[in-house]
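Engineer: Those sequence lines, one after another, are chains A and B. Just so we're aligned: the first sequence equals residues 1 to 327 in UniProt numbering. Just so we're aligned: the second sequence equals residues 1 to 327 in UniProt numbering. C-beta atoms are modelled at their ideal positions from N, C-alpha and C, and glycine is treated no differently.
Protein chains: 2
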Amino acid sequence: MSRRVTINDVARVAGVSRQTVSRALNDKGEIDAGTKQRVLDAARELGYRPSRFARGLVRQDSTTIGLVIPDLLNPFFTEVAAGALEAARARGWHVIVYDTADSITVERGTLEVVVAQVDAVVGYFSLDEAELDRHLGGMPAVLIGRDHRSPRFSSIRIDGEKGVHEAVDHLVAAGHRRIGMLDHAGRAEPSLRRDWFIDAMDEHGLHAPVVGNAVQSADGGAEALNELLDQHPDLTAVFTYNDIIAMGALKAARRLGKAVPGDLAVVGFDGLQLGTVVDPALTSVALDTRRIGALAIAQAGRLVAGEPSLPDEELLVSAVLLVRESA
Amino acid sequence: MSRRVTINDVARVAGVSRQTVSRALNDKGEIDAGTKQRVLDAARELGYRPSRFARGLVRQDSTTIGLVIPDLLNPFFTEVAAGALEAARARGWHVIVYDTADSITVERGTLEVVVAQVDAVVGYFSLDEAELDRHLGGMPAVLIGRDHRSPRFSSIRIDGEKGVHEAVDHLVAAGHRRIGMLDHAGRAEPSLRRDWFIDAMDEHGLHAPVVGNAVQSADGGAEALNELLDQHPDLTAVFTYNDIIAMGALKAARRLGKAVPGDLAVVGFDGLQLGTVVDPALTSVALDTRRIGALAIAQAGRLVAGEPSLPDEELLVSAVLLVRESA
DNA sequence: CGGCAATCCGTGAACGCTCACGGGAGCGTT
DNA sequence: AACGCTCCCGTGAGCGTTCACGGATTGCCG
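What follows is the structure in structure tokens.
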């Protein structure tokens with residue numbers, strides 16, 4: 001096969017030295033307008049494109065960050081990713097996105113290749129810190145939505161406690177007493193969000209809130225709501241693990257002939273923009289997803305530059321209740 | 001500031017040559033287990049991480065592709081992006097994602113920097129081919145959803161004609177005669193989808209279909225439907241520019257007390273997965289978004305490898321009617 | 001006419017790594 | 001004892017670019 005066309009080829013054709021070609025291409029000064037044009041023509045003629053590796057090798061700028069997410073099609077991660085992209089663009093950084101397809105095997109594979117491609121890694125990981133460290137081998141990493149034990153990592157923490165309390169307060173103020181929750185069915189242990197919910201209920205002297213289990217999808221949410229209502233027909237409000245499940249619950253409620261929020265109030269979690277396309281618009285404990293992505297990028301940037309990490313309290317994003325129509 | 005730690009530093013500390021370090025790190029053979037461990041320890045000790053530029057410079061593998069999309073938060077583009085990511089991962093390629101924020105200025109800026117970072121570019125562009133070429137300077141590029149005039153580019157064409165005809169057939173078969181359309185309000189000229197729609201209506205001897213204008217959002221769709229129905233109260237079905245607008249229309253119809261599809265049938269375009277979370281689930285002229293992304297990646301790969309382009313008929317993805325509940 | 005800027009261009013070196021090759025040590029075989 | 005093989009390891013070269021120089025040419029002034 002034909003060799004790659006280098007700067008020297010261009011130089012030869014244009015009848016100048018490589019340095020002159022370099023000058024023409026990066027339009028620095030110290031070059032005659034005529035020769036510059038000649039070089040540019042020669043370059044175009046030969047189809048020359050500079051090697052990003054050679055260029056990157058000599059001038060040490062240009063940072064690129066790896067963003068690892070479990071599922072880009074999950075709207076929550078989409079929003080986080082969008083926030084990260086925006087923050088990166090503002091800084092002139094580049095983001096390589098890896099979708100691990102909710103698979104730990106794929107995550108391992110990703111970690112394996114990502115080291116050779118980026119300056120820092122950011123995202124949602126399910127592997128434990130030891131294995132992460134082993135794969136990453138010293139590369140800066142910031143974990144989102146997950147606390148780190150080793151100082152080798154850095155993380156963006158999210159706190160939904162206040163927001164969930166607000167949600168329960170809101171429901172109680174509206175007269176609700178029998179409030180259920182639809183937790184996720186994915187992982188083994190119950191979620192933090194469930195703990196927050198139970199706490200908040202306790203504060204109002206409301207106890208033993210029923211908790212269903214929904215798989216992570218709209219249909220899962222619908223199914224779970226049916227089950228929950230079957231066992232506890234007197235429920236007047238439901239809090240869900242996230243907005244997707246809440247949307248399924250909305251659908252199921254309608255099918256059951258229940259008006260929302262009249263007969264059944266629904267409060268989601270995440271505060272997705274998508275919550276506005278359903279009817280009624282979803283009331284939700286909202287996370288500032290854009291900020292999450294932006295913080296992750298900012299922190300990653302400091303790490304690669306060797307600057308001091310952001311202060312801990314800056315790396316926390318807390319949820320607030322976003323009242324729309326469903327509660 | 002402290003210099004970067006190189007392979008030579010590791011070699012010195014471990015008391016071996018750089019080649020041996022290289023062997024240890026890339027676990028090739030021809031190295032004693034003891035020395036290998038010693039090298040690995042030294043590397044970890046020094047916090048050594050190989051330079052991706054130096055490595056990339058010498059071995060010419062590792063392709064990375066730039067994916068340019070106008071708005072990652074638009075679910076359609078999200079799906080395309082996900083398809084692209086998946087296809088790239090299957091090949092071991094990397095994808096840098098650029099969100100141009102629906103801005104031509106940002107698109108220009110992106111084009112400017114993307115050249116130095118990737119081997120090929122893929123995505124949705126709004127600049128004309130001349131300017132694209134000027135910025136890209138010879139880099140392989142695949143335009144999605146847009147035909148190219150210059151052979152310098154390559155493109156993934158989408159054809160919705162058949163699907164739209166199917167949709168109209170479906171509506172007519174269900175007894176609908178007064179069918180309206182909600183076109184987008186974004187660009188100057190009316191859309192291809194509108195042409196297809198009018199064509200399909202013509203075939204059934206139905207003429208002068210009313211056409212509203214919706215801005216690209218759920219609220220825009222809702223507003224447009226209200227307007228349309230205001231002017232033409234006798235409409236029994238609506239076809240929309242895309243699913244987002246259709247979802248807004250769904251919401252507006254409910255507010256007007258119209259049952260869907262009983263009083264008003266709604267057919268969207270795109271076939272988003274999101275169409276299943278609304279109630280009723282959206283019937284839509286569906287595009288295989290995953291395939292769009294995958295094709296773009298595949299084609300880009302052939303271009304960078306200098307392989308022959310995919311045959312034209314392979315680069316076409318056609319829409320088909322996806323009947324769910326709203327029509 | 002000497003001198004001095006200004007303008008333009010070329011030459012070594014370096015960036016950090018891998019590839020191809022060669023060579024020494026140790027062991028067994030003839 | 002000479003040879004050959006295996007197992008390790010090191011040395012030169014090169015990947016394609018930019019940086020820091022230094023040199024050549026021209027124009028202008030005193």
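#1: Out of curiosity, what's the CA-to-CA distance linking D222 of chain B and D312 of chain A?
#2: Does the beta carbon of K28 of chain A come closer than 8 angstroms to any beta carbon on chain B?
#3: Please name the residue or residues paired with D270 of chain A in a DSSP beta bridge.
#4: To the nearest angstrom, report how far apart G29 of chain A and D9 of chain A are at their CA atoms.
#5: Taking its Cβ as the centre, do 16 or more other Cβ atoms sit within 10 Å of N26 of chain B, making it buried, or is it exposed?
#6: When the Cα atoms are used, what is the spatial distance from R302 of chain A to L72 of chain A?
#7: Using 10 angstroms around the beta-carbon of E314 of chain B, count the other beta-carbons present and answer buried if the total reaches 16, otherwise exposed.
#8: Taking 8 angstroms as the cut-off, decide whether the C-beta atoms of L136 of chain A and L111 of chain A are in contact.
#9: Can you give the Cα-Cα distance for H148 of chain A and A218 of chain A, rounded to whole angstroms?
#10: Go ahead and pull the three-state DSSP assignment for S155 of chain A.
#11: Name, please, each residue of chain B whose Cβ falls closer than 7 angstroms to the Cβ of Y94 of chain A.
#12: Under 8 angstroms, Cβ to Cβ, is there at least one residue of chain B near residue 329 of chain A?
#13: Counting only runs that start and end within the stretch 107-189 of chain B, where is the alpha helix (DSSP H) found for 4 or more residues in a row?
#14: Less than 8 angstroms between the C-beta atoms of R324 of chain A and G275 of chain A, yes or no?
#15: Since I believe H176 of chain A is in contact with T236 of chain A (beta carbons under 8 angstroms), could you give me their beta-carbon distance rounded to a whole number of angstroms?
#16: Quick check for students: name the residue ranges of the alpha helix (DSSP H) that lie wholly in the UniProt domain "HTH lacI-type" (5-59) of chain B, counting only runs of 4 or more.
#17: Where do the ends of the beta strand (DSSP E) carrying N213 of chain B lie?
#18: What residues from chain B crowd round D99 of chain A, counting only those whose CB sits closer than 8 angstroms?
#19: On the three-state DSSP scale, how would you describe L315 of chain A?
#20: Just checking, does the stretch 7-22 of chain A make contact with the stretch 35-48 of chain A on the three C-beta pairs under 8 angstroms criterion?
#21: Closer than 8 angstroms, Cβ to any Cβ of chain A: which residues of the stretch 248-259 of chain B, in chain order?
#22: Would you check if there are 3 or more beta carbon pairs closer than 8 angstroms linking the stretch 78-97 of chain B to the stretch 68-82 of chain A?
#23: For D202 of chain A, which three-state DSSP category applies?
#24: Check the Cβ-Cβ distances between G301 of chain A and every residue of chain B, and say whether any is below 8 angstroms.
#25: Measure how close the beta-carbons of D243 of chain A and D270 of chain A come, nearest whole angstrom, since I'm counting them as under 8 angstroms.
#26: Which residue wins for smallest C-alpha separation from H207 of chain B, given the options B:T240, B:L229, B:L192 and B:V172?
#27: Which stretch, first to last residue, makes up the beta strand (DSSP E) that contains T240 of chain B?
#28: Which bits of chain B does S51 of chain A rub up against, with CB to CB less than 9 angstroms?
#29: Is the distance from the Cβ of Y124 of chain A to the Cβ of V68 of chain A below 8 angstroms?
#30: Could you check what DSSP says for D99 of chain B in three-state terms: helix, strand or coil?
#31: Is the Cβ of T105 of chain A closer than 8 angstroms to any Cβ of chain B?
#32: Should V58 of chain A go down as buried or exposed, given a rule of 16 or more other Cβ atoms within 10 Å for buried?
#33: Any C-beta of chain A within less than 9 angstroms: which residues of the stretch 126-140 of chain B qualify?
#34: Could you give the residue range of the beta strand (DSSP E) that holds T78 of chain A?
#35: Do you know whose CA, among A:D199, A:T35 and A:N213, lies nearest P190 of chain A's CA?
#36: Between G47 of chain A and chain B, is there a C-beta pair that is closer than 8 angstroms?
Structural biologist: Taking the definition as stated:
#1: Here residue 222 of chain B refers to the residue found at position 222 of the second sequence. Here residue 312 of chain A refers to the residue found at position 312 of the first sequence. Position check: residue 222 of chain B holds Ala in this sequence, whereas Asp was assumed. If I take the Cα positions, the gap works out to 43 angstroms.
#2: The sequence position of residue 28 of chain A within the first sequence is 28, counting from 1. For K28 of chain A, not one C-beta of chain B is nearer than 8 angstroms to its own C-beta.
#3: Along the first sequence, one-based indexing puts residue 270 of chain A at 270. A:A286, per the DSSP bridge assignment.
#4: Counting from one through the first sequence, the residue named residue 29 of chain A turns up at place 29. Counting from one through the first sequence, the residue named residue 9 of chain A turns up at place 9. Approximately 22 angstroms, taken between the alpha carbons.
#5: In the second sequence, residue 26 of chain B corresponds to position 26, counting from 1. Counting Cβ neighbours within 10 Å, N26 of chain B comes out exposed, since fewer than 16 surround it.
#6: By one-based count along the first sequence, residue 302 of chain A stands at place 302. By one-based count along the first sequence, residue 72 of chain A stands at place 72. Answer to the nearest angstrom: the Cα atoms are 26 angstroms apart.
#7: Against the second sequence, residue 314 of chain B aligns to sequence position 314. Per the 10 Å Cβ criterion, exposed.
#8: Residue 136 of chain A sits at position 136 when you count from the first residue of the first sequence. Residue 111 of chain A sits at position 111 when you count from the first residue of the first sequence. Against a cut-off of 8 angstroms, the Cβ pair of L111 of chain A and L136 of chain A comes out as a contact.
#9: If you number the first sequence from 1, residue 148 of chain A lands on position 148. If you number the first sequence from 1, residue 218 of chain A lands on position 218. Each residue's alpha carbon lies about 31 angstroms from the other.
#10: The residue given as residue 155 of chain A occupies position 155 in the first sequence. In the structure shown, S155 of chain A sits in a strand (DSSP, three-state: E or B).
#11: The sequence position of residue 94 of chain A within the first sequence is 94, counting from 1. Here the sequence assigns His to residue 94 of chain A, which means Tyr is not the residue at that position. Within chain B, the residues near H94 of chain A are I96 and Q117.
#12: Because residue 329 of chain A is not part of the residues shown, which for chain A are 1 to 327, the question remains open.
#13: 129-136 and 161-173
#14: Looking up residue 324 of chain A in the first sequence gives position 324. Looking up residue 275 of chain A in the first sequence gives position 275. For R324 of chain A and G275 of chain A, yes; Cβs fall inside 8 angstroms.
#15: Within the first sequence, the letter at position 236 stands for residue 236 of chain A. Within the first sequence, the letter at position 176 stands for residue 176 of chain A. Right, the Cβ-Cβ distance comes to about 5 angstroms (below 8 angstroms), so this counts as a contact.
#16: 7-14, 18-25, 33-46 and 52-58
#17: On the second sequence, residue 213 of chain B is found 213 positions in, with the first residue counted as 1. Residues V211 to A214.
#18: Here residue 99 of chain A corresponds to residue number 99 of the first sequence, with the count starting at 1. Residues of chain B passing the Cβ test: A82, L85, E86 and R89.
#19: Translated into positions along the first sequence, residue 315 of chain A becomes position 315. Three-state DSSP puts L315 of chain A in a helix.
#20: yes
#21: For the stretch 248-259 of chain B, the residues whose beta carbon sits under 8 angstroms from a beta carbon of chain A are, in order, G248, L250, K251, R254 and R255.
#22: yes
#23: Within the first sequence, the letter at position 202 stands for residue 202 of chain A. The answer is helix: DSSP assigns D202 of chain A an H, G or I state.
#24: Residue 301 of chain A sits at position 301 when you count from the first residue of the first sequence. Taking Cβ atoms only, chain B never reaches closer than 8 angstroms to G301 of chain A, which makes this a no.
#25: Taking the first sequence and counting its residues from 1, the one referred to as residue 243 of chain A is at position 243. Taking the first sequence and counting its residues from 1, the one referred to as residue 270 of chain A is at position 270. At roughly 5 angstroms, the Cβ-Cβ gap stays under 8 angstroms, so D243 of chain A and D270 of chain A are in contact.
#26: Here residue 207 of chain B refers to the residue found at position 207 of the second sequence. Selected option, being the one with the closest Cα: B:V172.
#27: Against the second sequence, residue 240 of chain B aligns to sequence position 240. Residues A237 to T240.
#28: Numbered from its first residue, the first sequence carries residue 51 of chain A at position 51. Against chain B, a Cβ distance below 9 angstroms from S51 of chain A picks out G56 and L57.
#29: Position 124 of the first sequence, counted from the start, is the residue given in the question as residue 124 of chain A. Position 68 of the first sequence, counted from the start, is the residue given in the question as residue 68 of chain A. In this structure, V68 of chain A lies closer than 8 angstroms to Y124 of chain A by Cβ.
#30: For the purposes of this step, residue 99 of chain B is taken as the residue at position 99 of the second sequence. Here D99 of chain B sits in strand by DSSP.
#31: Taking the first sequence and counting its residues from 1, one reaches residue 105 of chain A at position 105. No, its Cβ sits nowhere closer than 8 angstroms to a Cβ of chain B.
#32: The residue you call residue 58 of chain A lines up with position 58 of the first sequence. Label assigned to V58 of chain A: exposed.
#33: G137, G138 and M139
#34: Position 78 of the first sequence, counted from the start, is the residue given in the question as residue 78 of chain A. In this chain, T78 of chain A is not harboured by any beta strand (DSSP E); it is covered by the alpha helix (DSSP H) spanning P75 to R91.
#35: Sequence index remark: in the first sequence, residue 190 of chain A carries index 190 (1-based). Residue A:N213 is the option with its Cα nearest to P190 of chain A.
#36: Reading the first sequence from its first residue, position 47 is the one you call residue 47 of chain A. So, interface residue.
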